[in-house]
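Below you'll find the structure, written out as structure tokens, and then a few comments.
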Amino acid sequence: MGHKRWATNRQMKYEGGFQGRTNKLVDGCYSFWQGGAFPLLHMALSKQDSVSENPVSCSKWMFNQGALQEYILACCQYHSGGLIDKPGKSTDYYHTMYCLSGLSVAQHFTSGHHESDHIIGHKDNELKLTHPVFNICVDKALQASQYFRNCPSGDQSMFTD
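Residues are numbered in our numbering as their position in the sequence shown, beginning at 1, plus a constant of 2.
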């Protein structure tokens, strides 16, 4: 699958973070933009498992989860708070959010009935599991899904005070 090869080649071996496209520098926000694609790729590939010569893992994503965590924790933390795209840059909400979301993806593996956590450093580094499509905590995505499932068709109450 071409997507798998392209995505796995976006993680840089030296830095451990992801680049957005070929011949570009690593950027912290791609921790989620690229890293968040792996749960989706994993799900698609695991459905093809019965015909595949290369089955997907039941314990880890198809990228170096430890290296991504090390990049975020060592290179993307700003001295006065927040997260950045790379050393030497200023902090902003955009990069803070996507670095944290990418860190969560790198920490937690879930596939069907298989789950495993891989936390670098102190246990306080652990974040809640982030939904790879909605980029919010999985429990909040499930709550929102349940809410909308229970809404009558055409209900506009969510758009009023």
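C-beta atoms are modelled at their ideal positions from N, C-alpha and C, and glycine is treated no differently.
Handout entry: Backbone CA spacing between Gly38 and Pro154 [nearest angstrom]
Key = Position 36 of the sequence shown, counting from 1, holds the residue named residue 38. Position 152 of the sequence shown, counting from 1, holds the residue named residue 154. In a straight line, the C-alpha of Gly38 is about 32 Å away from that of Pro154.
Exercise for the section: Specify whether the segment 64–80 and the segment 138–145 touch according to this definition: at least 3 beta carbon pairs, one from each stretch, less than 8 Å apart. Expected result: Contact between the segment 64–80 and the segment 138–145 is absent, because fewer than three Cβ pairs lie under 8 Å.
Exercise for the section: Pair every Cβ in the segment 18–34 with every Cβ in the segment 104–114, then say whether three or more of these pairs are closer than 8 Å. Expected result: Inter-segment contact for the segment 18–34 and the segment 104–114 is present: three or more beta-carbon pairs are separated by less than 8 Å.
Practice task
Give me the Cα-Cα distance between Lys62 and Leu47, rounded to the nearest whole angstrom.
Solution key: Residue 62 sits at position 60 when you count from the first residue of the sequence shown. Residue 47 sits at position 45 when you count from the first residue of the sequence shown. Computed Cα separation, rounded: 14 Å.
Handout entry: Cut-off 6 Å between Cβ atoms - residues of its own chain near Ala69, not counting five sequence neighbours on either side
Key = Taking the sequence shown and counting its residues from 1, the one referred to as residue 69 is at position 67. For Ala69, where only same-chain residues beyond five positions count, the Cβ hits under 6 Å are Gly18.
Practice task
Just mark Asp29 as buried or exposed, buried being the case when its beta carbon has 16 or more other beta carbons within 10 Å.
Solution key: Counting from one through the sequence shown, the residue named residue 29 turns up at place 27. Flag for Asp29 reads buried.
Problem - Cut-off 6 Å between Cβ atoms - residues of its own chain near His97, not counting five sequence neighbours on either side - result: Along the sequence shown, read from residue 1 onward, the residue named residue 97 stands at position 95. Residues of the same chain with a CB within less than 6 Å of the CB of His97, apart from the 5 flanking positions on each side, are Gly30, Cys31, Leu85, Ile86 and Asp87 in chain order.
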